[in-house]
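Take a look at the structure set out below.
Number of protein chains: 2
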Amino acid sequence: MSRLPFNEPTIQRARRIAETIPPAECDPRVEALVNDLIGRVADKWTMIALEVLAEHGELRFTQFARQMRGISQKMLTQTLRQMERDGMVTRTVHPVVPPRVEYRLTELGASLGAAFCGVWIWAEENLAKVEASREAFDAKTE
Amino acid sequence: MSRLPFNEPTIQRARRIAETIPPAECDPRVEALVNDLIGRVADKWTMIALEVLAEHGELRFTQFARQMRGISQKMLTQTLRQMERDGMVTRTVHPVVPPRVEYRLTELGASLGAAFCGVWIWAEENLAKVEASREAFDAKTE
DNA sequence: GGTGACGCTCTCCTTTAGGTGAGTATGGAT
DNA sequence: ATCCATACTCACCTAAAGGAGAGCGTCACC
Numbered sequence: 000m001s002r003l004p005f006n007e008p009t010i011q012r013a014r015r016i017a018e019t020i021p022p023a024e025c026d027p028r029v030e031a032l033v034n035d036l037i038g039r040v041a042d043k044w045t046m047i048a049l050e051v052l053a054e055h056g057e058l059r060f061t062q063f064a065r066q067m068r069g070i071s072q073k074m075l076t077q078t079l080r081q082m083e084r085d086g087m088v089t090r091t092v093h094p095v096v097p098p099r100v101e102y103r104l105t106e107l108g109a110s111l112g113a114a115f116c117g118v119w120i121w122a123e124e125n126l127a128k129v130e131a132s133r134e135a136f137d138a139k140t141e
Numbered sequence: 000m001s002r003l004p005f006n007e008p009t010i011q012r013a014r015r016i017a018e019t020i021p022p023a024e025c026d027p028r029v030e031a032l033v034n035d036l037i038g039r040v041a042d043k044w045t046m047i048a049l050e051v052l053a054e055h056g057e058l059r060f061t062q063f064a065r066q067m068r069g070i071s072q073k074m075l076t077q078t079l080r081q082m083e084r085d086g087m088v089t090r091t092v093h094p095v096v097p098p099r100v101e102y103r104l105t106e107l108g109a110s111l112g113a114a115f116c117g118v119w120i121w122a123e124e125n126l127a128k129v130e131a132s133r134e135a136f137d138a139k140t141e
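In structure tokens form, the structure reads like this:
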């Protein structure tokens with residue numbers, strides 16, 4: 000039961016659309032997995048966490064929180080757990096009181112950070128262009 | 000009135016946390032803008048749209064939809080509008096019936112696509128590692 | 001004159017994201 | 001005895017994301 004990408008104009012028409020371009024490129028399984036992984040990894044907080052951890056080497060929970068402005072405790076825990084599960088960070092619990100937990104990047108995490116590096120640079124370089132474009136767009140449609 | 004990143008343990012204690020690491024790096028305004036732009040641009044659909052458009056050069060609305068599996072019509076319109084506003088794509092409307100609208104990358108869009116390229120490669124290369132890590136993690140916590 | 005094509009937009013409605021404020025465990029310091 | 005620190009977790013709640021399905025406008029066609 001193959002689902003069409005979205006509902007047809009009105010339900011009984013357009014049973015089929017002319018296939019001007021093949022429906023998708025190659026291996027749909029791998030493609031889906033990669034898209035999925037991208038969705039997970041191209042997350043704002045994940046990217047920022049990667050950044051600050053790469054910068055500081057090792058961070059404790061509250062230090063982390065202070066570096067990531069605007070994140071809630073819950074989100075931070077969640078992001079960090081997810082990253083741990085994905086093998087981006089290691090989480091070391093020192094069994095002392097008060098608790099001491101240290102996070103550091105794995106090799107995998109560092110490599111993703113490096114891959115994102117280009118995007119950060121792009122963002123810094125093109126911030127002005129994007130803002131200008133937005134203003135122009137908004138002025139046109141006003 | 001500076002807000003703390005999240006609530007203190009119980010409200011009347013911990014008025015202040017020792018500042019072992021300076022609260023943030025440098026220019027907070029630029030940093031915030033860049034983080035914001037990252038949040039906008041590091042969006043799953045934006046990344047995928049960038050990819051397929053880079054691959055096909057020029058796409059009409061329904062062609063686009065067919066390339067982006069699982070996206071709803073609403074999301075596609077929204078993503079495309081946003082990208083147009085940000086100056087990533089141009090939208091050309093041919094005043095014919097039935098309507099014909101073509102999307103293509105701008106230089107800015109292409110440069111972002113190039114910046115993301117590293118992330119795609121990373122995702123393809125490290126898919127297996129991430130999956131292995133997830134399995135190990137889930138097995139441990141079960 | 002009914003239907004279909006295209007690229008939307010509009011109205012619901014459900015799901016998810018994410019914030020808030022509190023609680024918990026533990027041992028050392030006061 | 002009480003307090004405090006840390007790194008959480010939990011319950012609750014609101015806002016935002018995003019899906020489903022329909023409708024629209026216009027012309028060419030059968």
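So the sequences go chain by chain: A and B. To convert, note that position 106 of the first sequence is 105 in numbering that gives the first Met the number 0; the numbers rise steadily by one, no gaps. To convert, note that position 53 of the second sequence is 52 in numbering that gives the first Met the number 0; the numbers rise steadily by one, no gaps. Every residue gets a Cβ at the ideal spot worked out from N, C-alpha and C, and that includes glycine.
| query | Mind pulling the chain B residues with CB within less than 8 Å of A/Glu83? | reply | Counting from one through the first sequence, the residue named residue 83 of chain A turns up at place 84. Within chain B, the C-beta atoms nearer than 8 Å to that of A/Glu83 come from Phe136, in chain order.
Measuring CB to CB, does A/Leu104 end up less than 8 Å from A/Leu52? Sequence index remark: in the first sequence, residue 104 of chain A carries index 105 (1-based). Sequence index remark: in the first sequence, residue 52 of chain A carries index 53 (1-based). A Cβ-Cβ contact shorter than 8 Å links A/Leu104 with A/Leu52.
- Is it buried or exposed for B/Asp42, if we count other Cβ within 10 angstroms and need 16 for buried? For the purposes of this step, residue 42 of chain B is taken as residue 43 along the second sequence, with counting starting at 1. Around the beta carbon of B/Asp42, 16 or more other beta carbons lie within 10 angstroms, which makes this residue buried.
Identify the residues that DSSP records as bridge partners of B/Glu57: which are they? Here residue 57 of chain B corresponds to residue number 58 of the second sequence, with the count starting at 1. Under the DSSP definition of a beta bridge, B/Glu57 partners with B/Arg103.
Q. With burial defined as no fewer than 16 other Cβ atoms inside 10 Å of the residue's Cβ, what is the status of A/Gln66: buried or exposed?
A. Within the first sequence, residue 66 of chain A is the residue found at index 67, counting from 1. Result: buried.
Cβ atoms of B/Leu58 and B/Gly86: under 8 Å apart, would you say?
-> Here the question's residue 86 of chain B lines up with position 87 in the second sequence. Here the question's residue 58 of chain B lines up with position 59 in the second sequence. Cβ distance not < 8 Å, so B/Gly86 and B/Leu58 don't count as in contact.
Original post:
Using the rule of at least 16 other Cβ atoms within 10 Å of the residue's Cβ for burial, across every protein chain shown, is B/Val129 buried or exposed?
Top reply: Your numbering for residue 129 of chain B matches position 130 in the second sequence. B/Val129 should be labelled buried.
* Quick one: is A/Ala113 buried, meaning 16 or more other Cβ sit within 10 Å of its Cβ, or exposed? -> Here residue 113 of chain A refers to the residue found at position 114 of the first sequence. Label assigned to A/Ala113: exposed.
Tell me the rounded alpha-carbon separation between B/Glu30 and A/Leu126. Counted from its first residue, the second sequence places residue 30 of chain B at position 31. Counted from its first residue, the first sequence places residue 126 of chain A at position 127. Those two C-alpha atoms are separated by around 11 Å.
Problem - Residue range of the unbroken beta strand (DSSP E) whose run includes B/Arg90 - result: As a working mapping, residue 90 of chain B is identified with position 91 in the second sequence. First-last of the beta strand (DSSP E) with B/Arg90: Val88 to His93.
Exercise. Just tell me which of A/Pro97, A/Val40 and A/Leu32 has its CA closest to the CA of A/Phe60.
Key: Translated into positions along the first sequence, residue 60 of chain A becomes position 61. Shortest Cα-Cα distance from A/Phe60 to any of A/Pro97, A/Val40 and A/Leu32 involves A/Pro97.
query: Does the beta-carbon of A/Val92 have 16 or more other beta-carbons within 10 angstroms, so that it is buried, or is it exposed?
result: Along the first sequence, one-based indexing puts residue 92 of chain A at 93. The residue is exposed, with fewer than 16 neighbouring Cβ atoms inside 10 Å.
(message) Any beta carbon of chain A sitting closer than 8 Å to that of B/Glu123?
(response) The sequence position of residue 123 of chain B within the second sequence is 124, counting from 1. Output row for B/Glu123: interface = yes.
Requested in this report: Can you grab the Cα-Cα spacing for the pair B/Thr89 / A/Ala135, in whole Å?
Outcome: Counting from 1 along the second sequence, the entry for residue 89 of chain B is found at position 90. Counting from 1 along the first sequence, the entry for residue 135 of chain A is found at position 136. Those two C-alpha atoms are separated by around 13 Å.
Rounded to a whole number of angstroms, what is the C-alpha to C-alpha distance between A/Val33 and B/Ile120? As a working mapping, residue 33 of chain A is identified with position 34 in the first sequence. As a working mapping, residue 120 of chain B is identified with position 121 in the second sequence. For A/Val33 and B/Ile120, the distance between alpha carbons rounds to 10 Å.
Let me confirm a value: A/Ala138 is counted as buried when at least 16 other C-beta atoms fall within 10 Å, else exposed. Which label applies? Walking along the first sequence from the start, residue 138 of chain A turns up at place 139. The residue in question, A/Ala138, is exposed, as its Cβ has fewer than 16 Cβ neighbours within 10 Å.
List, in chain order, every chain B residue whose beta-carbon is nearer than 9 Å to that of A/Val100.
Translated into positions along the first sequence, residue 100 of chain A becomes position 101. Below the 9 Å Cβ cutoff, chain B contributes no neighbours of A/Val100, its closest Cβ being approximately 14 Å away.
| task | Could you tell me whether any Cβ in chain A is nearer than 8 Å to the Cβ of B/Phe60? | result | If you number the second sequence from 1, residue 60 of chain B lands on position 61. Judged by the 8 Å Cβ criterion, B/Phe60 is not in contact with chain A.
What did DSSP end up calling A/Arg65 once you bin it into helix, strand or coil? Counted from its first residue, the first sequence places residue 65 of chain A at position 66. Residue state for A/Arg65 is assigned as helix, using DSSP reduced to three classes.
- [ ] Leaving aside the five residues before and after A/Met82 along the sequence, list all residues of the same chain whose C-beta is less than 6 Å from its C-beta, in chain order.
- [x] Counting from 1 along the first sequence, the entry for residue 82 of chain A is found at position 83. Hits under 6 Å: Val88.
- Task: On a CA-only basis, which of A/Arg28, A/Phe115, A/Leu36 and A/Trp44 is nearest A/Met74? Give me that one, please.
- Result: One-based indexing of the first sequence puts residue 74 of chain A at position 75. By alpha-carbon distance to A/Met74, the top candidate from A/Arg28, A/Phe115, A/Leu36 and A/Trp44 is A/Trp44.
- CA-to-CA distance, A/Asp35 to B/Glu124, given in whole angstroms: The residue you call residue 124 of chain B lines up with position 125 of the second sequence. The residue you call residue 35 of chain A lines up with position 36 of the first sequence. Take the alpha-carbon of B/Glu124 and the one of A/Asp35: they are about 14 Å apart.
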